[in-house]
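Just so you know, the sequences run in chain order A and B.
Note that the numbering used here has the first sequence beginning at -4, numbered continuously upward.
Note that the numbering used here has the second sequence beginning at 488, numbered continuously upward.
Beta carbons: idealized from backbone N, C-alpha and C, even for Gly.
Predicted model, so just to flag it, every value in this text is computed and none were measured.
A short write-up of the structure that comes next.
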Amino acid sequence: MTDETPKPPEDAPVADENPKPETGAAADAPEMAAEAKPKPTDEEKAAKIAAAKAKAAAKKAAEDDAPPKPPWEEKPVPPERIDSADDPEVVALAEGVDDAVLAAERFAGDLTVTVPAAKIVDICNFLKSERGYSFLVDLTAVDWPEREEGRFDVVYWMHRFEDEHRLRLVTVVAEDQVIESVAGVWKVADWMEREVFDLYGIVFANHPNLERILTWEGFNGHPLRKDFPVEGIDTGAAIYPDSFPEGGGPPPPPEKKPAKGGTK
Amino acid sequence: MSDPKGPLFDIEEMEINFGPQHPATHGVLRVKVKLDGEKIVEAKPIIGYLHRGTEKLFETMDFPQCIPHTDRMDYVAAATNNQGFCVTMEKLLGITIPPRAAYIRMILAELQRLASHLVWFATHAIDIGAITPFFYNFRDRDEILDLFEEYCGARLTLNTMKIGGVPYSLPDGWVDRCRALADAFPAKIDEYETLLTDNRIWKNRTIGIGVVSPEEAIEWGLTGPPLRGSGIKWDIRKVFPYDRYDEIDFEVPIGVNCDTYDRYLVRVEEMRQSVRIIQQCLDKLPEGPIMARAPKVLRAKEGMVYGSVEAPKGELGYFMVTTEKSTKPYKCRVRPPSFINLQALPAMVEGHLVADLVAVIGTLDIVLGEIDR
């Protein structure tokens, strides 16, 4: 990002024109001052102001002539969000799958497309087979507990090797909603979805093996949800008796069938 | 001719736990393996023993406070972790860092890549049974760590980059010492290679083990040396150049046979390329400031940003979600290369002998601190 920002076009003419009418006033000022010495007149003040203005303008003009500062000495310019509904990738997706695109924007160079959760597998299949996004870089979720449309964002971040292009899909999932797994589209999604299930409690339908991965089997709660305490939970219910059932940890194991003796 | 009494021997699959406390698992990885004799029928990695909730902690801290915590993820390559975080933050805030800072970062990152690959070389070889490389590698890695210590005071958890540049200027004589190390390094790599590259036992243990075809590698999301070992020329430093990698001339080595031996060759060649990058950076090292003009309190805009760097293990990415004027990440997801590379382990070992499991874990070069976060 080399934002060596060109100055706004109005600046230069203002710097040139502004002082001119007032320098005339400044020239008259000494005569006026000689006539009425004791009180500092408005003209005097005006002259001073005009002189200061002229100096500032000259300085500014000198700065304008000077080479622009390198970007690391300028104040950083944060990226803007740009609506990108007419981006060729977005148009192709909208044509390929009906009602696939809800919104599209570009922020800091990343293209983000919001898609409906119900069609996620169709969309991913289309993007992989028709648009060449053969590599799923990352899959994760974001928790927005207050939001009305649905609590979670599930985020897919994919890569195409032909022109090294990346695309992000965002889909909104409500707390009790089940979303279809994309592990059948990209094998790599398997563990990523397990992690999202573990840390956020989002259930992925038709996942080959939806188990907890970072916490242990039977752990109570989903640590990356915003309402999960940062300091963690006690395995007993001593600290948060209202939020967590007694024992906190694993539920009692289901009764196992007696082990068969002998070998197969 | 079926025997009415059944087979002579019981053909029973045995299930054993490999780890979590085992020196060859590089940490606290547990692999549940089903064995038919010595052959692996099924392998299931079980992780999470080192889960510290780093991503949850990030949400409670200001942006600069997160950086020391990134050190603790891939603890043998702390500098690249810092770099990933800073690159992402600079993308989010629109900061351009001064060239001198970028060059210092690249030197540190490549030294770190060397150090990390030396740990991989040592442990991979020792797992397979060659103990000698370990002594050579750790001798030379210590010299690199000495340079880090001189620069920032720490040897492992470096905390050596800041959002907008680097925190310290180079100490007197550091450039000369770094150049001396870089100039001496290719000979040392040759020395390591004499121990393994043409070693018959090494070849027997690595050729044809853990083969991943290029298509499979993409399907499994492999990045870094495992992807390049499968013959795909892809490196974040070339594809999405960060800092000033676009001004540096270096090659991206790739493998042909997609096996453990090729991944070994790829990593050895990467070490040579890292030395080349360090030498070029030292030659070109510009004068000037080491920090960009960044505000004291960093406030982000609302948005989602993903930034990544080529860590020694693969693509290390940070996915940052922020709210308007926030000083903390609303969410900061780390895309750990080891976590995703490890996922391919079952496919790579099934059908091999149990001793090859150790070779494949070594060739993936995993670090559990990063997998479990």
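Is DSSP giving residue i helix, strand or coil here?
i: B:Glu797; result: strand
i: A:Ser124; result: helix
i: B:Val845; result: helix
i: B:Pro532; result: strand
i: B:Arg517; result: strand
i: B:His509; result: strand
i: B:Lys812; result: coil
i: B:Cys819; result: strand
i: A:Ala98; result: strand
i: B:Gly790; result: strand
i: B:Phe737; result: coil
i: A:Lys40; result: helix
i: B:Phe806; result: strand
i: B:Met501; result: strand
i: A:Val173; result: strand
i: B:Leu643; result: coil
i: B:Gly711; result: coil
i: A:Lys54; result: helix
i: A:Lys64; result: coil
i: B:Gly856; result: helix
i: B:Leu840; result: strand
Can you grab the Cα-Cα spacing for the pair residue i / residue j, in whole Å?
i: A:Ile44; j: B:Ile723; result: 57 angstroms
i: B:Gly708; j: B:Arg715; result: 12 angstroms
i: B:Leu727; j: B:Glu734; result: It is worth fixing the name first, because residue 727 of chain B is Phe in this sequence and not Leu. Roughly 13 angstroms between the two C-alpha positions.
i: A:Ala46; j: A:Pro62; result: 26 angstroms
i: B:Asp859; j: B:Leu803; result: 14 angstroms
i: A:Glu125; j: A:Val149; result: 22 angstroms
i: B:Asp614; j: B:Pro816; result: 40 angstroms
i: B:Val840; j: B:Arg750; result: Reading the sequence as shown, one finds Leu at residue 840 of chain B and not Val. Those two C-alpha atoms are separated by around 19 angstroms.
i: A:Glu84; j: A:Glu90; result: 10 angstroms
i: B:Glu499; j: B:Leu682; result: 40 angstroms
i: B:Gly849; j: B:Gly697; result: 11 angstroms
i: B:Arg587; j: B:Ile554; result: 20 angstroms
i: A:Leu131; j: B:Asp627; result: 37 angstroms
i: B:Cys819; j: B:Ile527; result: 37 angstroms
i: A:Ala7; j: A:Ala49; result: Its pLDDT being 43, under 50, A:Ala7 is placed unreliably by the model, and nothing is read from it.
Skipping 5 residues on each side, what residues in its chain have a beta carbon closer than 7 angstroms to that of residue i?
i: B:Leu467; result: Look at the range of chain B in this structure, 488 to 860, and you will see that residue 467 of chain B is not part of it.
i: B:Gln570; result: Arg592, Ala596, Met648, Val796
i: A:Ala95; result: Leu88, Ala89, Val110, Lys114, Ile118
What first and last residue would you give for the beta strand (DSSP E) that runs through residue i?
i: A:Thr109; result: 105 to 109
i: B:Met778; result: Segment: none, B:Met778 is in no beta strand (DSSP E) and carries neither H nor E.
i: A:Asp138; result: 130 to 138
i: A:Val149; result: 147 to 155
i: A:Arg76; result: 76 to 78
Leaving out five residues before and five after residue i in sequence, what residues of the same chain have Cβ atoms less than 6 angstroms from its Cβ?
i: A:Tyr296; result: The question about residue 296 of chain A has no answer, for chain A in this structure spans -4 to 259.
i: A:Asp261; result: Absent from the model: residue 261 of chain A. The displayed extent of chain A is -4 to 259, so no value can be given.
i: B:Ile765; result: Ile594, Glu597, Ala669
i: B:Lys720; result: Val739, Ile741
i: A:Tyr128; result: Leu122, Met153, Arg155
i: B:Glu857; result: Met560, Asp561, Pro823, Ser825
i: A:Arg161; result: His154
i: B:Val847; result: Gly697, Met835, Val836
i: B:Pro712; result: Arg750, Val753, Arg754
Locate the alpha helix (DSSP H) running through residue i, then write down its first and last residues.
i: B:Asn828; result: 824 to 829
i: A:Phe166; result: Just to set this straight, residue 166 of chain A is Thr in the shown sequence, not Phe. Here A:Thr166 belongs to no alpha helix (DSSP H); instead the beta strand (DSSP E) covers 160 to 168.
i: B:Trp689; result: 687 to 693
i: B:Ala671; result: 661 to 683
i: A:Phe199; result: Premise fails: A:Phe199 lies in the beta strand (DSSP E), 198 to 200, not in any alpha helix (DSSP H).
i: A:Glu212; result: Run containing A:Glu212: none; DSSP gives neither H nor E here.
i: B:Ile594; result: 586 to 615
i: B:Pro554; result: Residue identity check: residue 554 of chain B is Ile in the sequence provided, not Pro. Run containing B:Ile554: 550 to 558, per the alpha helix (DSSP H) assignment.
i: B:Cys573; result: 565 to 580
Grab me the residues of residue i's own chain with a C-beta within less than 8 angstroms of its C-beta, minus the 5 sequence neighbours each way, in chain order.
i: B:Arg517; result: Asn504, Phe505, Gly506, Pro507, Pro532, Ile533, Ile534, Tyr536
i: B:Val662; result: Leu769, Leu772
Practice problem: Pull out every residue of the region 543 to 557 of chain B whose Cβ sits closer than 9 angstroms to any Cβ of chain A, in chain order. | Solution: Residues Lys543, Leu544, Glu546, Thr547.
Self-check item: Contact set between the region 163 to 189 of chain A and chain B, restricted to residues whose Cβ is under 9 angstroms from the partner
Solution: Under the 9 angstroms Cβ criterion, the region 163 to 189 of chain A contributes Arg163, Val165, Trp181, Lys182, Val183, Ala184, Asp185, Trp186, Met187.
Quiz item: Which of the residues in the region 76 to 89 of chain A, read from start to end, lie with their CB under 8 angstroms from any CB of chain B?
Solution: Arg76
Exercise. Identify each residue in the region 823 to 842 of chain B for which the Cβ-Cβ distance to at least one residue of chain A is less than 9 angstroms, and report them in chain order.
Key: Phe826, Ile827, Leu829, Gln830, Ala831, Ala834
Quiz item: Of the residues that make up the region 97 to 124 of chain A, which ones have a beta carbon closer than 8 angstroms to any beta carbon in chain B?
Solution: Phe102, Ala103, Gly104, Asp105, Thr107
Quiz item: Can you list, in chain order, the residues of the region 571 to 590 of chain B whose Cβ is nearer than 7 angstroms to any Cβ on chain A?
Solution: Within the region 571 to 590 of chain B, the residues whose Cβ lies closer than 7 angstroms to some Cβ of chain A are Lys578, Leu579, Leu580, Gly581, Ile582, Thr583, Ile584, Pro585, listed in chain order.
Exercise. Can you give me, in chain order, the residues of the region 201 to 226 of chain A that have a beta carbon less than 7 angstroms from any beta carbon in chain B?
Key: Ile208, Leu209, Thr210, Trp211, Pro218, Leu219, Val225
Quiz item: Listed from N- to C-terminal order along the chain, which residues in the region 61 to 73 of chain A have their beta-carbon within a distance smaller than 8 angstroms of any beta-carbon of chain B?
Solution: Pro65, Pro66, Trp67, Glu68, Glu69, Lys70, Pro71, Val72, Pro73
Quiz prompt | Interface positions of the region 530 to 543 of chain B facing chain A (Cβ-Cβ less than 8 angstroms), listed along the chain | solution = Ile534, Gly535, His538, Gly540, Glu542, Lys543
Practice problem: Pull out every residue of the region 709 to 727 of chain B whose Cβ sits closer than 9 angstroms to any Cβ of chain A, in chain order. | Solution: Leu709, Thr710, Ile719, Trp721, Val726, Phe727
Quiz item: In the region 127 to 142 of chain A, which residues sit with their C-beta less than 8 angstroms from some C-beta in chain B, listed in chain order?
Solution: Ser129, Phe130, Leu131, Val132, Asp133, Thr135, Val137, Asp138
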